[in-house]
Amino acid sequence: MSNNQQNFAINMSAKLIAPLIVSTILCLNGCATTTKTAENEKDPYENFNRSVFKFNDKVDGYLAKPISDGYKYITPQFVQTGVYNFYNNLKNVNVVINDTLQAKFAQGAQDTGRLALNTTLGLGGIFDVAKNIGWEQNEEDFDQTLATWGVPAGSYLVIPLLGPTTFRGVPGAAFDTAANPATYVGGAVNVVSLINTRANAEGALKFIDEAALDPYIFTRESFLQWRNNLATDGKSKPSYDVDLDLDTEESKSKKDVKK
Amino acid sequence: MFLRYLKFTIVLINLIIPTTALFAQDNSAATAKQVVEKFQADLISVMKNGKQLGYAGRYSNLESAVTNSHDLPKIARVIVGKEWEKLSEDQQKKLEDLIVRLSIASYAHNFKDYGGESFTYDSEEETTRGGILVHSHFNIPNDKPVKFDYMLKETGPSWRIINIVANGVSDLALKRSEYTSILQKEGFDSLVSKIDDKINDYSKL
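Protein chains in written order, with my numbering: chain A, 1 to 259; chain B, 1001 to 1205.
So this is what it looks like as structure tokens:
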């Protein structure tokens, strides 16, 4: 539901993003004392975030989805795949930069090769040739780089039109936008990118609608866990807190048996 | 990317919950790895025959697979956290029943056909709290594999799945956030109504 908006952040121009981010943060600072909910430390601005989430959902339903549906209807699948590959390949520039900033030099070398291969043999990135030889796309961005440098994620935020992020994710998205060549190609190209991103997200958005009892919390929890897993390269232990609960339940059960 | 990842994660999570209860009866001596592999094999089998079976057939087949491999009562307790103690016995029983039905319905809806997917066992490790983590991954043709970590606890004579973590997203943690929030803000009846709606929707979609 809000993932498409997060993807929007990567592709929208810095000029468009900056005022939105600034106004959101100004609003958050102003509203913090009235909207903060103490029971949830990772989402102290839940009331504000829920409002934005609802707004983004409306924008998606009334604008993004109809355009995306039209795009899917008139565009053959192989063209959609080619467009997706093209923008994905441009994103590799950003991936390589962040590989280097995180000192992942071996991975950076492969990602550089991936970019070179797809740009040349893949005809400008339209074909994902690298995938066929086993060079899967790595997910690296500046938010992960900041995490590697020890910057904490901060509170969860939902930004108008852009979707879920964290305080650390805001400068991360700005850096990634600036480092993505697609940003500088022109408005029309970015519009195609946005539409294509929304079209690719259709199945997943439908899935959230089907599975979530509370789409806001569902999106927040999965987003935060997913980002944490990426930031720690899969080394985080998301189940430990659940373990603790289980132990509590088990000790409780044992006490009950003794009684 | 986030949404695509999320989809697999959620499907996996929903798959995990229904498997444990039946295993205890049929495979009392099964190791944690065997419990997981049996469940995964049952799931792939249902996917392969998904179209012929239809929703009702898939639900029926998965009912035993899920019930035999998961510790559903424990999952139900953990999902609602401290709210569990505030529920009456009838409400607790009702919630357990709903979680079983929702889990099976979710699997039956989402695993309706087969496109060459498979599971591969990677390794297993003991946790500091006496559980076992079975690491595996779900192979999807022309896509990145999804990492699946199954956490199992010893319940009586057998091992049972109590959580699935897909690409770092914990099913239990995700559900607990959702369920406790609804319980606290809207109450038990609202939670029951929302779960019932989901179960009905899965049977119609």
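Beta carbons are placed, not taken as given, at the ideal position from N, Cα and C, and that holds for glycine.
Note that the structure is predicted; figures quoted are calculated from it, not measured.
### Query
Taking Cβ positions only, does leucine 1022/B come closer than 9 Å to chain A?
In this prediction, leucine 1022/B scores a pLDDT of 38, lower than 50, which makes its location untrustworthy; the coordinate-derived value is nonetheless stated afterwards. For leucine 1022/B, the answer is no, since every Cβ of chain A falls outside 9 Å of its Cβ.
### Query
Should aspartate 1189/B go down as buried or exposed, given a rule of 16 or more other Cβ atoms within 10 Å for buried?
exposed
### Query
In terms of alpha-carbon separation, which member of Lys1051/B, Ile1199/B, Glu1083/B, Leu1205/B lies closest to aspartate 1097/B?
Comparing Cα-Cα distances from aspartate 1097/B to each of Lys1051/B, Ile1199/B, Glu1083/B, Leu1205/B, the minimum goes to Ile1199/B.
### Task
Using the Cα positions of isoleucine 208/A and serine 222/A, report the straight-line distance between them to the nearest angstrom.
If you take the alpha carbons of isoleucine 208/A and serine 222/A, they lie about 11 Å apart.
### Task
Sort Arg114/A, Val191/A, Leu224/A by Cα distance to lysine 91/A and report the nearest one.
Proximity to lysine 91/A across Arg114/A, Val191/A, Leu224/A peaks at Arg114/A, based on C-alpha coordinates.
### Query
If you count every other CB in all the chains shown that lies within 10 Å of the CB of serine 1088/B, and 16 or more means buried, which is it?
Exposed.
#### Entry: CA-to-CA distance, asparagine 1068/B to glutamine 1025/B, given in whole angstroms
Bear in mind that a pLDDT of 43 at glutamine 1025/B, under 50, signals an unreliable position, so the number given afterwards is only what the model happens to contain. Rounded to the nearest angstrom, the two C-alpha atoms are 7 Å apart.
### Message
Just to check my reading of the structure: tyrosine 1055/B and histidine 1109/B have Cβ atoms closer than 8 Å, yes? What is that Cβ distance to the nearest angstrom?
### Response
7 Å
### Query
Taking the alpha-carbon positions, what's the valine 52/A to glycine 150/A distance?
Taking the straight line from one Cα to the other gives about 29 Å.
### Query
With a CB to CB cut of under 6 Å and the five nearest residues on each side skipped, what residues in its chain are close to asparagine 49/A?
Val158
### Query
Nearest chain B C-beta to leucine 20/A closer than 9 Å, yes or no?
Here leucine 20/A scores only 44 on pLDDT, less than 50, and its place in the model should not be relied on; the value that follows carries that caveat. For leucine 20/A, no Cβ of chain B is located within less than 9 Å of the residue's own Cβ.
### Query
Thinking just about the alpha-carbon of each residue, which of Thr165/A, Gly122/A, Gly108/A is nearest to the one in asparagine 138/A?
The residue among Thr165/A, Gly122/A, Gly108/A with its C-alpha nearest the C-alpha of asparagine 138/A is Gly108/A.
### Task
Would you identify the three-state DSSP class for alanine 167/A, choosing helix, strand or coil?
In the sequence as presented, alanine is not what sits at residue 167/A; that position holds phenylalanine. Correct three-state label for phenylalanine 167/A: coil.
### Message
Give me the residue from Ser1170/B, Ala1032/B, Ile1044/B, Val1035/B with the minimum Cα distance to glycine 1116/B.
### Response
Checked all of Ser1170/B, Ala1032/B, Ile1044/B, Val1035/B; the closest Cα to glycine 1116/B is Ile1044/B.
### Message
Among the candidates Val1046/B, Glu1124/B, Asp1143/B, whose CA atom is the shortest distance from the CA of tyrosine 1059/B?
### Response
Val1046/B
### Task
Using a Cβ-Cβ cut-off of less than 7 Å, list which residues of the segment 67-96 of chain A approach chain B; keep chain order.
none
### Message
Looking only at its chain, what residues have a beta carbon closer than 6 Å to the beta carbon of phenylalanine 167/A, apart from the 5 residues adjacent to it on each side?
### Response
Gly154, Ser155
### Query
How is the beta strand (DSSP E) around histidine 1137/B delimited, first residue to last?
1132-1139
### Message
Quick check on the DSSP output: the alpha helix (DSSP H) that includes valine 1146/B runs from which residue to which?
### Response
Premise fails: valine 1146/B lies in the beta strand (DSSP E), 1146-1155, not in any alpha helix (DSSP H).
#### Entry: Proximal chain B residues relative to serine 236/A, where beta-carbon distance stays under 8 Å
Gly1168
#### Entry: Selection from Glu1178/B, Asp1201/B, Gly1131/B that minimises the alpha carbon distance to glutamate 1083/B
Taking only the C-alpha atoms, the option nearest glutamate 1083/B is Glu1178/B.
### Query
What residues from chain A crowd round serine 1123/B, counting only those whose CB sits closer than 9 Å?
The premise fails here: serine 1123/B is roughly 13 Å from chain A at the closest Cβ pair, so nothing lies under 9 Å.
#### Entry: Residues in the segment 194-214 of chain A having any Cβ partner in chain B nearer than 8 Å
Asn200, Ala201, Gly203, Ala204, Leu205, Phe207, Ile208, Glu210, Ala211, Ala212, Leu213, Asp214
### Cβ-based neighbour list, alanine 199/A, same chain, cut-off 7 Å, excluding 5 preceding and 5 following
Ser68, Tyr71, Lys72, Gln80
### Query
For leucine 1191/B, which residues of its own chain have a beta-carbon under 7 Å away from its beta-carbon, when the five flanking residues on both sides are left out?
If we look at leucine 1191/B and ignore the five residues flanking it on each side, its Cβ neighbours are Tyr1179, Ile1182, Leu1183.
### Message
Counting only beta-carbon separations shorter than 9 Å, does tryptophan 135/A have a partner in chain B?
### Response
no
### Message
Give me the residue from Asn47/A, Thr145/A, Ile126/A with the minimum Cα distance to arginine 227/A.
### Response
Thr145/A
### Task
Please determine, among Glu202/A, Ala231/A, Gly234/A, Ala116/A, the residue with the shortest C-alpha to C-alpha distance to alanine 64/A.
Taking alanine 64/A as reference, the option from Glu202/A, Ala231/A, Gly234/A, Ala116/A with the minimal CA-CA separation is Glu202/A.
### Message
Does lysine 1194/B come out as helix, strand or coil in the three-state DSSP assignment?
### Response
helix
### Query
Any idea if methionine 12/A is buried or exposed, counting beta-carbon neighbours within 10 angstroms, 16 or more meaning buried?
Low confidence applies here, because methionine 12/A scores a pLDDT of 36, under 50, leaving its location unreliable; read the following figure in that light. Buried, by the Cβ-count rule.
### Message
Would glutamate 1178/B pass as an interface residue toward chain A - the criterion being a Cβ-Cβ separation below 9 Å?
### Response
Yes, glutamate 1178/B lies at the interface with chain A (some Cβ there is under 9 Å from its Cβ).
### Query
Residues of chain B with CB under 7 Å from isoleucine 217/A, in chain order?
Ser1177, Glu1178, Ser1181
#### Entry: valine 1100/B - partner residues in DSSP beta bridges
DSSP lists no partner for valine 1100/B.
### Message
I need the boundaries of the beta strand (DSSP E) containing threonine 1120/B, first residue and last residue.
### Response
1118-1126
### Task
In the DSSP assignment, find the beta strand (DSSP E) that holds asparagine 1163/B and state where it starts and stops.
In the DSSP annotation of this structure, the continuous segment of the beta strand (DSSP E) that includes asparagine 1163/B starts and ends at 1158-1166.
### Task
Rounded to whole angstroms, what's the CA-CA distance from leucine 1205/B to phenylalanine 105/A? Just pull it up for me.
In this structure, the straight-line span from the alpha carbon of leucine 1205/B to that of phenylalanine 105/A is close to 47 Å.
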